[in-house]
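Counting from 103, one number per residue, gives the positions in the sequence shown under this note's numbering.
I have placed the structure first, in the form of structure tokens, so that the comments after it can refer back to it.
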Amino acid sequence: MPIQPAHPNATPFLARLRQMLDQLSPTEKKLALLVLDTPIHLGSYSASELAQITDVSNATITRFVRHLGYGSYEEARRQARLEADAAGTLPLPPAALASANAPNSQALWQAQQDKLRATLAQIPASTMNAIAAALHRAPRVTALGLGANHLLAQQLCQLLAQALGKPAQAEPAAGQTLDTALAPLARGDILVLCALGGVPAPLLALGQQAQRTGIQLLCITDLTSAAPASDWLLRCDSTPHAPMLAHLTDTSATHTLVYGLVAHTVQWGATPFELE
Numbered sequence: 103m104p105i106q107p108a109h110p111n112a113t114p115f116l117a118r119l120r121q122m123l124d125q126l127s128p129t130e131k132k133l134a135l136l137v138l139d140t141p142i143h144l145g146s147y148s149a150s151e152l153a154q155i156t157d158v159s160n161a162t163i164t165r166f167v168r169h170l171g172y173g174s175y176e177e178a179r180r181q182a183r184l185e186a187d188a189a190g191t192l193p194l195p196p197a198a199l200a201s202a203n204a205p206n207s208q209a210l211w212q213a214q215q216d217k218l219r220a221t222l223a224q225i226p227a228s229t230m231n232a233i234a235a236a237l238h239r240a241p242r243v244t245a246l247g248l249g250a251n252h253l254l255a256q257q258l259c260q261l262l263a264q265a266l267g268k269p270a271q272a273e274p275a276a277g278q279t280l281d282t283a284l285a286p287l288a289r290g291d292i293l294v295l296c297a298l299g300g301v302p303a304p305l306l307a308l309g310q311q312a313q314r315t316g317i318q319l320l321c322i323t324d325l326t327s328a329a330p331a332s333d334w335l336l337r338c339d340s341t342p343h344a345p346m347l348a349h350l351t352d353t354s355a356t357h358t359l360v361y362g363l364v365a366h367t368v369q370w371g372a373t374p375f376e377l378e
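Given below as structure tokens:
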């Protein structure tokens, strides 16, 4: 089915991009995810520079903006810049951009600490307590994640199995598809969606199917991506600490959160506390 162009200027650039995300080709989607993670990029670079940074062709850039309903890259760039200016997120000047991209281990470690603090600060203790109680009581847990998110799913399941002896499976397993991911689960079990960078349509569909059958749903995503209705939602700061790293998914704070969640679950099992 061909992609229907968006009506020019009908919606803000980033909102339009989220609406069209699942209709883009794989290379265009790669570019879209980068722009969503760091909105200043489209306004800061020429089409050729953006193509080089994201490792796509100039032709992909052209198709990308046309699928979004723009006549040219410059038209899309102008709208992105206007929206960034209005939001106070002005593009970095060349000198500042070069400085931001310069290797600096002290700045790196500080950024990692800041992201962890930002992640933990917006998660209420009552939410952590409720998730810990549910994980401890659930007969079985399945965690879903694609790409870098699959490592998060694996970490969660390995820790649950090691600490609690709980049946926990990260999906999709090697050589498998998502089609059978829900097969072992029943009412009262927990499905975890690991989805930094947004919840792909296949995972969203499985999450909705799980809830219809009484399976509890925990979603772990970033600070800005749209998230499905779920029993619990954990948002993690995955902002890149340097513009040139925007194409990488920073899972550092999320890995720490996953460990902390399992540790909290173990402690809850040893000394159950009253839920708020």
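C-beta atoms are modelled at their ideal positions from N, C-alpha and C, and glycine is treated no differently.
The structure displayed is predicted, hence computed values, not measured ones.
- The closest CA to that of leucine 284, considering only Gly277, Val294 and Ala276, is found on Val294.
- Looking from the CA of leucine 287, the closest CA among Thr229, Gln318 and Gly249 belongs to Gln318.
- Below 8 Å, too few C-beta pairs join the region 217-232 and the region 246-253 to call them touching: fewer than three.
- Beta-bridge analysis with DSSP links glycine 247 to Cys296.
- DSSP, reduced to helix, strand and coil, places glutamine 278 outside both helices and strands of the structure shown, so it counts as coil.
- Contact annotation: the region 266-279 does not touch the region 352-363, with fewer than three C-beta pairs closer than 8 Å.
- Taking C-beta atoms as the reference points, valine 167 and leucine 262 fail to come closer than 8 Å.
- For isoleucine 233, the enclosing alpha helix (DSSP H) begins and ends at 227-239.
- When the beta-carbon positions are compared, glycine 299 and aspartate 324 come within less than 8 Å of each other.
- Under the three-state reduction of DSSP output, aspartate 291 falls in the coil class, being neither helix nor strand.
- The three-state reading of DSSP puts threonine 358 in helix, counting H, G and I together.
- Between the alpha carbons of threonine 341 and alanine 213 lies a distance of about 9 Å.
- DSSP places arginine 168 in the uninterrupted alpha helix (DSSP H) bounded by 160-169.
- Taking 8 Å as the cut-off, the beta carbon of threonine 367 is found closer than this to the beta carbon of alanine 234.
- DSSP, reduced to helix, strand and coil, places threonine 373 outside both helices and strands of the structure shown, so it counts as coil.
- Contact between glycine 316 and arginine 289 holds: CB atoms are separated by about 3 Å, below the 8 Å threshold.
- DSSP places arginine 242 outside any beta strand (DSSP E), giving it a letter other than H or E.
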